[in-house]
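Below: the structure, in structure tokens.
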Amino acid sequence: MISSKEKILESSVQYIKSVGPKRAESFHKIGIKTIRDLLFYFPSRHLDRTTVLTAAKAYGYVINGYPGEVTIIGKVEDVERIRFRKELLKVHFRDATGFFECIWFQGIKYFEKVFKPGDIFAISSKPEINYNKLQFVHADFDRITEEESQSFINTGKIIPFYRIPKELKARNIGDLSLRRIVSYAVENYVDKLEETLPSSIIKDENLIDIVTAVKNYHFPESKDLFEKAKHRFKFEEMFYIETLVALRKHNYETKLTGNSLSIKTKLISNFLKTLTFELTKAQLKVLSEIKNDMLSEKPMNRLLQGDVGSGKTIVSLIAMLIAIDNGYQAAIMVPTEILADQHAKNISVMMNKLHEIHKERKIKVILLLGGQKKSVRDKNLESIEFQEADIIVGTHALFEEKVKFNNLGLVVIDEQHRFGVRQRAKLQSKGKTPDVLVMSATPIPRTLSMTIYGDLELSVIDEMPKNRNPIKTVLRGENKLPEIYKFVIDKSKDGYQSFLVYPLVEESEKLELKAATTLFEELSNSYLRELKLGLIHGRMSWLEKEEVMLRFLKKDFNVLVSTTVIEVGIDIPAANIILINDAQRFGLSQLHQLRGRVGRSSKQAYCILVAKDSLVSKTNQHELDLEYLPPAQIEKHKSSVRLQTMVKHTDGFKIAEMDLKLRGPGDIFGTVQSGFPELKYADIINDTQIIIDAKQKAFAIVDKDPKFILPENQIIKQNLLIQYSESLKYATIA
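For the working numbering, count along the sequence shown from 1 and bump the result up by 149.
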């Protein structure tokens, strides 16, 4: 129930002073419909007195070699257009200690209207000294009033700045007017907010109350209170997300009945005899964890992590054989048709080999793809429905309603990050609570595994097969390509096969990247004319791709020219060189996956990253401290950081941590993938301790009171229903 105080907050934003019906329409367009919405429209940044310099101090900083960004508050003295080669706008400022200038080369008409003599602005940018004058080029700026300026300078007040979308600008709502509108709302309505966290949590976690937090997020009384406000909302956000995770895990474990399996025959031991290698200690440990889950009455819900080539597939196959040994079907879902096809062929070969020893049972493998002929597909669907098929390999085609499993006991999902929670739910619904094993060759940083995958038990294969040598990774400029091609030719004489990867299929006018089709023709007639070349790309049908990969496996080609279609799962043991062109255009995760296509035999493998000569020169000259590089520097040197990371590290977990730092969390909590709301406050990279604390608290409460019956937990139940109703739908999905 919403109290009368809270109902007032649900009133239209139009009733706030200086808004009205017309401006309210603009607020509605950006999602601010009520007074409550406005109270939670927090500033994107604040101007803190401790971060501001005078013009004189800033001048001294630059003279002494300080390289960073500074902020100065100054009054506009004059605005002039200057013709120097091309036109530019120069805005002259002054503060109590001296003068400085801001220069714009673009958008001159717009900036000429913005800067009026007498107005006061906070200017932020990296300063330069030109002709003995302090200058800023294309600086960030925020207009403030003289009153704010004096109050700020004299009292140390912290000034908020809000994101102002075009919808608000269209109604002449700028920095000053939006601050006044929000200030009025905070002064008159913030006290009507009711607490959204139990008092026990506020006390245990030393959090400030919601009213104090909202006030100080907008208009901080001190830096300390501002930090406490941010901390409170970060904790609250992660607490409710972790509560959803805890509910999902609790519901899966308590409301669903699994299939209690056992080791019935010698099927598993006979299969192990067919292997030409010994399982690693890590594989055996993970297998023990999976077996214990499958033998339990609770349905298995486990995430298996392991670097590229660590042997996850063989582990999952043994799990499938446990299910089959108990009379169940097993399904493995993979992201691409070419990988599904390869899995089906490889597993079939292994099952034929197994039948030579284990003659009492022939395991039948079925491949189900969207692009199959109707006759083949219909026959496969019939085999699945009447349980003639034991192992079903497929892509998202396994989701379709036409697919009717007879007795699905285990679902294996390969490359977990490519499938969303809705897709997982669809496949699980095909059987009576089948055991679920999700796998990822893209290592998941700890903070993510605690959040999105916090409802899954975790197994990690942290050991590579004994015969694998670490892949040698080098960075080379485009001017070295002739030497690299010679290396490829020389190594082909020793039986090496090579992948040559390009970002695009055909030439693009927008991106000056090499296209696979063009380079295939060029290399076939020039540098690599003495070798046999194959070509594969995403625009081919899966049957065409299959034919090319089979020919490559049979060594019909020395070199396979490819786009990123080979990124996931393709296993060609003799392919031990991968040359990745325009490597700066790929993300870290993608580069790591591509590198994983080689090094699958006892031979030394090579990954050659090729980038523009200027970038390689810059990357080699500056050794970037990947652990401690500040965000602004990471943004500036992203390409170099990615390339250096690949050269330095082969450990997928280290690469994943840096990838997260480079990319940011993005939509990791979007419903597309996880069924969770997008983060507004917490930073998945830097707020690890807050996430740990929130998780511990949430899981403890759900474990003790999963229905939130206790009086102190009623507030959690109410807030979940009001704020997270959409996400609650996914709380029952594994």
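For glycine and all other residues, C-beta sits at the position ideal for the given N, C-alpha and C.
Owing to the predicted nature of the structure, the values given are computational and were not obtained by experimental measurement.
Compute the Euclidean distance between the alpha carbons of residue i and residue j, then round it to the nearest angstrom.
| i | j | result |
| --- | --- | --- |
| arginine 526 | methionine 499 | 23 Å |
| alanine 334 | glutamine 863 | 28 Å |
| serine 711 | leucine 672 | 13 Å |
| serine 675 | tyrosine 634 | 10 Å |
| valine 228 | tryptophan 253 | 11 Å |
| lysine 761 | lysine 767 | 10 Å |
| glutamate 174 | aspartate 268 | 29 Å |
| glutamate 606 | cysteine 756 | 34 Å |
| glutamate 658 | glutamate 806 | Low confidence applies to glutamate 658: its pLDDT is 46, below 50, so where it sits in the model is not reliable, and the reading given next is rough at best. Taking the straight line joining both Cα atoms gives about 34 Å. |
| valine 697 | leucine 684 | 7 Å |
| glycine 801 | glutamate 486 | 25 Å |
| valine 263 | leucine 828 | 34 Å |
| proline 266 | isoleucine 871 | 49 Å |
| leucine 699 | serine 497 | 15 Å |
| arginine 329 | asparagine 355 | 31 Å |
| threonine 392 | isoleucine 533 | 38 Å |
| threonine 361 | glutamate 370 | 10 Å |
| leucine 317 | lysine 156 | 26 Å |
| asparagine 450 | alanine 468 | 13 Å |
| valine 708 | serine 193 | 51 Å |
I'd like the list of long-range same chain contacts for residue i, defined as Cβ closer than 8 Å, with 5 residues on each side in sequence excluded.
| i | result |
| --- | --- |
| lysine 275 | Pro216, Gly217, Glu218, Val219 and Phe285 |
| tyrosine 651 | Leu662, Lys663, Ala664, Ala665, Leu668, Val710, Ser711, Thr712, Asn730 and Asp731 |
| isoleucine 512 | Leu470, Ile473, Met500, Leu503, His504, Asp539 and Ile540 |
| isoleucine 181 | Val162, Leu187 and Tyr190 |
| histidine 686 | Val654, Ala665, Thr666, Ser711, Thr712 and Val714 |
| threonine 582 | Leu405, Thr406, Gly407, Asn408 and Pro448 |
Excluding five sequence neighbours on each side, which residues of the same chain lie with their C-beta closer than 6 Å to the C-beta of residue i?
| i | result |
| --- | --- |
| phenylalanine 191 | Tyr366 |
| threonine 820 | For threonine 820, the pLDDT reaches just 37, beneath the cut-off of 50, and the residue's location in the model is therefore unreliable, although a value from the coordinates is still provided. No residues qualify anywhere along the chain. |
| valine 747 | Ala724, Asn725, Ile727 and Ala754 |
| isoleucine 231 | Leu237 and Lys239 |
| phenylalanine 290 | Phe270 and Ile272 |
Report the residue from the options whose alpha carbon sits nearest the alpha carbon of residue i.
| i | options | result |
| --- | --- | --- |
| glutamate 250 | Ile278, Phe382 and Val211 | Ile278 |
| threonine 246 | Arg232, Ile257 and Ile221 | Ile221 |
| tyrosine 477 | Ile715, Leu870 and Leu410 | Leu410 |
| alanine 546 | Glu564, Ile562 and Leu518 | Leu518 |
| glutamine 281 | Glu632, Ala205 and Thr403 | As written in the sequence, residue 281 is asparagine, which differs from the glutamine given in the question. If we check each option's Cα against that of asparagine 281, Ala205 comes out closest. |
| proline 860 | Ser349, Asn707, Leu196 and Asp611 | Ser349 |
| glycine 455 | Asp563, Ser524 and Arg397 | Asp563 |
| lysine 508 | Ser647, Lys415 and Phe426 | Lys415 |
| threonine 425 | Leu202, Pro614 and Thr203 | Pro614 |
| isoleucine 620 | Leu702, Ile834, Asn555 and Thr799 | Thr799 |
| aspartate 611 | Lys752, Ser326 and Gly460 | Gly460 |
Give the range of the alpha helix (DSSP H) segment to which residue i is assigned.
| i | result |
| --- | --- |
| phenylalanine 384 | 372 to 404 |
| tyrosine 366 | 359 to 367 |
| valine 790 | 787 to 797 |
| proline 314 | Neither: proline 314 is in no alpha helix (DSSP H) and is coded neither H nor E. |
| valine 498 | 486 to 506 |
| glutamine 521 | No alpha helix (DSSP H) contains glutamine 521, which DSSP labels as neither H nor E. |
| glycine 736 | Looking at the DSSP string, glycine 736 is not in any alpha helix (DSSP H), and its letter there is neither H nor E. |
| isoleucine 562 | Looking at the DSSP string, isoleucine 562 is not in any alpha helix (DSSP H); the run it does join, the beta strand (DSSP E), is 557 to 562. |
| serine 332 | 324 to 338 |
Check for me: the beta strand (DSSP E) holding residue i runs from which residue to which?
| i | result |
| --- | --- |
| serine 193 | Run containing serine 193: none; DSSP gives neither H nor E here. |
| glutamine 454 | 450 to 455 |
| serine 411 | From DSSP, serine 411 is part of no beta strand (DSSP E); its letter is neither H nor E. |
| threonine 622 | 621 to 626 |
| alanine 724 | 724 to 729 |
| glutamine 478 | 478 to 482 |
| isoleucine 610 | 606 to 610 |
| valine 708 | 708 to 711 |
| arginine 292 | 289 to 293 |
Looking at the strands, I want to know which residues DSSP matches up with residue i.
| i | result |
| --- | --- |
| threonine 220 | Val201 and Ser273 |
| arginine 700 | For arginine 700, which the question treats as bridged, DSSP gives no partner whatsoever. |
| tryptophan 253 | Leu238 |
| asparagine 279 | Lys282 |
| isoleucine 540 | Ala479 and Val514 |
| glutamate 229 | Lys239 |
| methionine 588 | Leu453 |
| alanine 760 | Gly626 |
| phenylalanine 248 | Arg243 |
Got a sec: does the ligand ADP put a non-hydrogen atom nearer than 7 Å to the Cβ of residue i?
| i | result |
| --- | --- |
| glutamine 284 | As far as ligands go, the structure on display features none, and thus does not contain the ligand ADP. |
Take residue i and list the residues in its own chain whose beta-carbon comes closer than 7 Å to its own, dropping the five residues that flank it on each side.
| i | result |
| --- | --- |
| lysine 640 | Ile726 |
Chain C beta carbons: is any one of them nearer than 8 Å to that of residue i?
| i | result |
| --- | --- |
| leucine 811 | Checking the listed chains, one finds no chain C in this structure; it contains a single protein chain. |
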